[in-house]
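Here's the structure we're looking at; comments come further down.
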Amino acid sequence: LYTDSRSFTEISKELVMQKGHLQFHLKKLQEAGYVKVDPRTHLYSIEERAFLIMEGLGKLFSMVDQK
Numbered sequence: 036l037y038t039d040s041r042s043f044t045e046i047s048k049e050l051v052m053q054k055g056h057l058q059f060h061l062k063k064l065q066e067a068g069y070v071k072v073d074p075r076t077h078l079y080s081i082e083e084r085a086f087l088i089m090e091g092l093g094k095l096f097s098m099v100d101q102k
C-alpha cells in the first residue's frame, strides 16, 4: 500500500494470508487510522499519518545504522 492502492484480493495474494486474518488486520489498521478503503472502488490505501510514521521510522533506522 505504500506505493499504490490495492484491492483486497491483490493484498491477499501479495501477503499470502488467509482472508479472515487479512480482514481482521485491515479492519484494525482502518480503526487506528492507518489504512482507508474507498467505498466506490473497494481499493485500500494508506492514510497520511501512516506515511508520516514510516518516514519517521526510516529516519530513525538510518540514524541507528550510522552509529
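Residue numbers for the sequence shown follow the working numbering, beginning at 36 and rising by one.
Glycine included, each C-beta is placed from N, C-alpha and C at the ideal position.
Buried or exposed (CB count within 10 angstroms, at least 16 for buried), residue i
i: Y79; result: buried
i: V70; result: buried
i: I81; result: buried
i: L61; result: buried
i: L36; result: buried
The beta strand (DSSP E) enclosing residue i, as first and last residue numbers
i: V99; result: Taken as a continuous stretch (DSSP letters only), V99 belongs to no beta strand (DSSP E), being part of the alpha helix (DSSP H) at E83 to Q101.
i: V72; result: V70 to V72
Straight-line gap, residue i to residue j (C-alpha atoms, nearest Å)
i: Q101; j: L95; result: 10 Å
i: H77; j: S40; result: 10 Å
Run of the alpha helix (DSSP H) containing residue i, from where it starts to where it stops
i: Q65; result: K54 to E66
i: T44; result: F43 to L50
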